[in-house]
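S.K.: Quick one: structure below, then a few questions.
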Amino acid sequence: MQIFEKGYRLISTPFLFYAVSINLIMESYDHKISIKAWAEEDRPREKLSSQGRRSLSDAELIAILIGSGNVNESAVELSKRILYSCDYDLNRLARLGIADLSRFKGIGEAKAITIIAALELGRRRKDTVSTRLVQVNT
220 MQIFEKGYRL ISTPFLFYAV SINLIMESYD HKISIKAWAE EDRPREKLSS QGRRSLSDAE
280 LIAILIGSGN VNESAVELSK RILYSCDYDL NRLARLGIAD LSRFKGIGEA KAITIIAALE
340 LGRRRKDTVS TRLVQVNT
């Protein structure tokens with residue numbers, strides 16, 4: 220492989236010689252791809268709307284709650300990092316407080332409260348006994 224001026228390299232294959240800009244390749248690693256740039260069917264909100272709530276991962280559901288990520292990562296990537304810190308255990312996540320969640324870049328008090336409130340609603344739903352009577356015919 221030969222290096223040409225200003226970051227270009229000549230890459231040879233058995234049938235082809237071409238120059239590739241190393242700068243262009245590396246540029247894609249320096250910038251996050253925002254969710255808006257994703258295919259529409261891959262975006263969490265659109266996916267929920269078109270495929271239903273069960274089609275989303277836990278990270279995608281949390282991403283919908285927080286709405287946006289930070290400068291370096293999308294809401295989904297940030298949500299995955301939060302879940303990773305709890306070993307992907309929603310019960311452990313539900314025990315985190317505002318200060319714990321706010322340690323993550325991009326999660327302030329408002330987003331932390333949103334996550335905590337959603338998990339609390341889920342806990343209450345699980346604890347609620349259905350009050351509807353079931354009629355049994357014999």
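Position in the sequence shown counted from 1, then plus 219, gives you the working numbering.
The beta carbon of each residue, even a glycine, is placed where N, CA and C say it ideally should be.
1) Mind the definition here: the stretch 303-323 touches the stretch 260-274 only if three or more C-beta pairs lie below 8 Å; say whether that holds.
2) Note the first and the last residue of the continuous alpha helix (DSSP H) segment covering Val-348.
3) Let me know if Arg-322 comes out buried or exposed under the rule of 16 or more other beta-carbons within 10 Å of its beta-carbon.
4) Under the assumption that Leu-297 contacts Gly-288 (Cβ atoms under 8 Å), give the Cβ distance between them as a whole number of angstroms.
5) Just confirm the distance between the C-beta atoms of Val-290 and Pro-263, as a whole number of angstroms; I'd bet it's less than 8 Å.
6) By Cβ distance, which residues of its chain are closer than 8 Å to Asp-277, with the 5 residues on each side in sequence left out?
7) Measure the CB-CB distance between Leu-320 and Ala-331 and report whether it falls below 8 Å.
8) What does a CB cutoff of less than 8 Å around Ile-252 pick up in its chain, not counting 5 residues either side in sequence?
9) Give the range of the alpha helix (DSSP H) segment to which Glu-279 is assigned.
10) So the candidates are Ile-334, Gln-354, Cys-305; which of them puts its Cα closest to the Cα of Leu-280?
M.R.: Walking through what the data contain:
1) no
2) Taking the first residue of the sequence shown as position 1, residue 348 is located at position 129. That residue, Val-348, is in no alpha helix (DSSP H); it is neither H nor E in DSSP.
3) Along the sequence shown, read from residue 1 onward, the residue named residue 322 stands at position 103. With fewer than 16 Cβ atoms within 10 Å of its Cβ, Arg-322 is classed as exposed.
4) If you number the sequence shown from 1, residue 297 lands on position 78. If you number the sequence shown from 1, residue 288 lands on position 69. Yes, they are in contact, since the Cβ atoms of Leu-297 and Gly-288 sit about 4 Å apart, within 8 Å.
5) Here residue 290 is taken as the residue at index 71 of the sequence shown, counted from 1. Here residue 263 is taken as the residue at index 44 of the sequence shown, counted from 1. With 8 Å as the limit, Val-290 and Pro-263 do not qualify as a contact, their Cβ atoms being about 19 Å apart.
6) As a working note, residue 277 is residue 58 in the sequence shown. Taken in chain order, the residues that qualify are Ser-298, Leu-302, Tyr-307, Leu-309.
7) Residue 320 sits at position 101 when you count from the first residue of the sequence shown. Residue 331 sits at position 112 when you count from the first residue of the sequence shown. Taking 8 Å as the Cβ cut-off, Leu-320 and Ala-331 qualify as a contacting pair.
8) Counting from one through the sequence shown, the residue named residue 252 turns up at place 33. So the qualifying residues of the chain are Ser-293.
9) The sequence position of residue 279 within the sequence shown is 60, counting from 1. Note, Glu-279: alpha helix (DSSP H), 277-285.
10) For the purposes of this step, residue 280 is taken as the residue at position 61 of the sequence shown. Comparing Cα-Cα distances from Leu-280 to each of Ile-334, Gln-354, Cys-305, the minimum goes to Ile-334.
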